[in-house]
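Okay, so here's the structure we're looking at.
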Amino acid sequence: MQTAREMWRSFESEKPKRAYGSEIRRRRDLYAAKFVPGESMEKYLDRPEDMRRQLANMNAVISDEEW
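With my numbering applied, the sequence shown covers 18 to 84.
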């Protein structure tokens, strides 16, 4: 694969559209996670870990570099 377009098409062909949409939403939620006033720090730190686990279960592993 030489171009971003080829990589994207390869990615799209591997995943059903529903799974792809779920993965994108989960990644968006992960990257947008913010601390909510009044929330315990433990809960705040557990939330992204749970999302990362869910993505791994969808075969969408978040690498340590990306994490």
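A virtual CB, placed ideally from N, CA and C, is assigned to each residue, including glycine.
Residue nearest to residue 66 in terms of C-alpha spacing, selected from 55, 80, 54: In the sequence shown, counting from the first residue as 1, residue 66 sits at position 49. Among 55, 80, 54, the Cα nearest to that of residue 66 is on 80.
For the segment 21-53, list the alpha helix (DSSP H) runs that are entirely contained and at least 4 residues long, ordered along the chain. As far as the segment 21-53 is concerned, its whole alpha helix (DSSP H) runs of at least 4 residues are 21-31, 34-49.
Is the separation between the beta-carbon of residue 75 and that of residue 39 shorter than 8 Å? On the sequence shown, residue 75 is found 58 positions in, with the first residue counted as 1. On the sequence shown, residue 39 is found 22 positions in, with the first residue counted as 1. One thing to note: residue 75 has its Cβ within 8 Å of the Cβ of residue 39.
For residue 62, does the count of other Cβ atoms within 10 angstroms reach 16, so buried, or fall short, so exposed? What you label residue 62 is simply residue 45 of the sequence shown in a count that begins at 1. Flag for residue 62 reads exposed.
Where the alpha helix (DSSP H) containing residue 67 begins and where it ends: In the sequence shown, the residue the question calls residue 67 occupies position 50. Where residue 67 is concerned, the enclosing alpha helix (DSSP H) stretches over 58-74.
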